[in-house]
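For the working numbering, count along the sequence shown from 1 and bump the result up by 56.
Quick reminder that beta carbons are idealized off the backbone N, C-alpha and C, glycines included.
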Amino acid sequence: MAKRKFKNTEQQEQELVKEYLQSKDGLLRTRCQAVRMYGTDYSVREIQALTACSRTSLMEWCQVFRTQGVAGLKDKRLGGNRARLTPAQREDLKARLSQYTPAQLFGPQAATPDGQFWTVEDLHHALQSWYEVEYRGRNSYTELLARCGFSFQRPAKVYKSRNQAKVAEFEELIEKKSAG
Numbered sequence: 057m058a059k060r061k062f063k064n065t066e067q068q069e070q071e072l073v074k075e076y077l078q079s080k081d082g083l084l085r086t087r088c089q090a091v092r093m094y095g096t097d098y099s100v101r102e103i104q105a106l107t108a109c110s111r112t113s114l115m116e117w118c119q120v121f122r123t124q125g126v127a128g129l130k131d132k133r134l135g136g137n138r139a140r141l142t143p144a145q146r147e148d149l150k151a152r153l154s155q156y157t158p159a160q161l162f163g164p165q166a167a168t169p170d171g172q173f174w175t176v177e178d179l180h181h182a183l184q185s186w187y188e189v190e191y192r193g194r195n196s197y198t199e200l201l202a203r204c205g206f207s208f209q210r211p212a213k214v215y216k217s218r219n220q221a222k223v224a225e226f227e228e229l230i231e232k233k234s235a236g
C-alpha cells in the first residue's frame, strides 16, 4: 500500500479549523473536517464513516485544498433561479399575494375550484403575467411562496367540470341507503 503524501502543515490545520468554526455552511464544514482528518492520517474508511462522503469526493477536496486552499472548498454553485426577481419585485409580489386571491385575478382559470389559496400553478401564472419570469423547478415556487409568508398547500383533487348539484344529490342518496 502506498504511503500517503498529503500532510497538513500547522498553518493549513489552523486555516481549516478556523473556517470550520466560523462557517454556518454545513457542506463547507464537512469538507474542511474531511480534508483536515485526511491530512492528519485518519484512514479513508474512518473519514467516510464520520463525514458520509465518498472516497472520490474526499480525494477531490484534498486536491482542491492543495491548489486553492479553503476558498476552493466553498460551494461555487450559483443556482439558476436565485436572481430572477429583484428584492423590490419580491416585496411587490409579497404585497400582491397578500392583497389578492387567485380567484380575484384569474377567475375560473385559478388552479383550485374556489381559488382562495395560492398554489404553485397560480404563482407560476402570476409571475409570468406580472414580471415575465419563469422558474425551472417546482421547488423554486414553493420557496418563493414561503419567503412571501405562505405555507405550501396541495390543492384538493376536484374536477373543475364537476356538477355540485349532482354531487349533493348522490351524497343524499348514499345517506338514505346507509340509513335504511
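- Item | Environment of Ala-166 [buried if 16+ CB atoms lie within 10 Å] | The residue you call residue 166 lines up with position 110 of the sequence shown. Under this definition Ala-166 is a buried residue.
- Helix, strand or coil: how does DSSP classify Ala-182 here? In the sequence shown, the residue the question calls residue 182 occupies position 126. It is helical.
- Reference Leu-200, options Asn-219, Thr-175, Lys-222, closest by Cα: Here the question's residue 200 lines up with position 144 in the sequence shown. Among Asn-219, Thr-175, Lys-222, the Cα nearest to that of Leu-200 belongs to Thr-175.
- Message: On a Cα-Cα basis, can you pick out the residue from Phe-173, Glu-116, Tyr-191, Thr-96 that is closest to His-180?
- Response: Your numbering for residue 180 matches position 124 in the sequence shown. Among Phe-173, Glu-116, Tyr-191, Thr-96, the Cα nearest to that of His-180 belongs to Tyr-191.
- Message: Please report the distance separating the alpha-carbon of Gln-160 from that of Gly-171.
- Response: Counting from 1 along the sequence shown, the entry for residue 160 is found at position 104. Counting from 1 along the sequence shown, the entry for residue 171 is found at position 115. If I take the Cα positions, the gap works out to 8 Å.
- Can the beta-carbon of Lys-81 be found closer than 8 Å to that of Asp-131? Within the sequence shown, residue 81 is the residue found at index 25, counting from 1. Within the sequence shown, residue 131 is the residue found at index 75, counting from 1. Checking the sequence, you will find Asp at residue 81 rather than Lys. A contact, by the Cβ cut-off of 8 Å.
- Query: Which whole runs of the beta strand (DSSP E) in the segment 73-101 are 3 residues long or more, in chain order?
  - Reply: none
- Quick one: using the 10 Å Cβ neighbour count with 16 as the cut-off for buried, is Leu-83 buried or exposed? The residue you call residue 83 lines up with position 27 of the sequence shown. Leu-83 should be labelled exposed.
- According to the Cβ coordinates, are Val-91 and Trp-117 closer than 8 Å? Taking the first residue of the sequence shown as 1, we reach residue 91 at position 35. Taking the first residue of the sequence shown as 1, we reach residue 117 at position 61. Yes, these two residues count as a Cβ contact at 8 Å.
- Query: Measuring CA to CA, which of Tyr-76, Pro-143, Gln-67, Asn-64 is closest to Cys-204?
  - Reply: Here residue 204 refers to the residue found at position 148 of the sequence shown. Answer by Cα proximity: Pro-143.
- Cβ atoms of Glu-66 and Gly-125: under 8 Å apart, would you say? Position 69 of the sequence shown holds residue 125. Position 10 of the sequence shown holds residue 66. For Gly-125 and Glu-66, no; Cβs fall outside 8 Å.
- Message: Between Arg-146 and Val-189, how many whole angstroms is the CB-CB distance? I'm expecting something under 8 Å.
- Response: Within the sequence shown, numbered from 1, the residue matching residue 146 stands at position 90. Within the sequence shown, numbered from 1, the residue matching residue 189 stands at position 133. Arg-146 to Val-189, Cβ: 11 Å. No contact.
- State the DSSP-derived secondary structure class of Asp-170, mapped to helix, strand or coil. Start at 1 with the first residue of the sequence shown, and residue 170 comes out as number 114. Note: Asp-170 maps to coil in three-state DSSP.
- Task: Pull up the distance between the alpha-carbon of Pro-158 and that of Phe-173, whole angstroms please.
- Result: Here residue 158 corresponds to residue number 102 of the sequence shown, with the count starting at 1. Here residue 173 corresponds to residue number 117 of the sequence shown, with the count starting at 1. Their Cα atoms are separated by approximately 7 Å.
- Query: In angstroms, rounded to a whole number, what distance separates the CA positions of Tyr-98 and Lys-74?
  - Reply: Taking the sequence shown and counting its residues from 1, the one referred to as residue 98 is at position 42. Taking the sequence shown and counting its residues from 1, the one referred to as residue 74 is at position 18. Roughly 20 Å separates the two Cα atoms.
- If you draw a straight line from the alpha carbon of Cys-88 to that of Tyr-76, how long is it in whole angstroms? The residue labelled residue 88 in the question sits at position 32 within the sequence shown. The residue labelled residue 76 in the question sits at position 20 within the sequence shown. Distance between the alpha carbons of Cys-88 and Tyr-76: 6 Å.
- Item | Given Lys-61 as reference, the closest of Met-115, Thr-198, Leu-229, Ala-202 once Cα atoms are compared | Position 5 of the sequence shown, counting from 1, holds the residue named residue 61. Cα-wise, what sits closest to Lys-61 is Met-115.
- With a cut-off of 8 Å on the beta carbons, I'd call Lys-59 and Gly-95 a contact; round off their distance for me. Position 3 of the sequence shown, counted from the first residue, corresponds to residue 59. Position 39 of the sequence shown, counted from the first residue, corresponds to residue 95. Incorrect: roughly 14 Å between the Cβ atoms, too far for contact.
- Item | Continuous alpha helix (DSSP H) stretch holding Asn-195: start and end | As a working note, residue 195 is residue 139 in the sequence shown. Looking at the DSSP string, the run of the alpha helix (DSSP H) that includes Asn-195 is 194-203.
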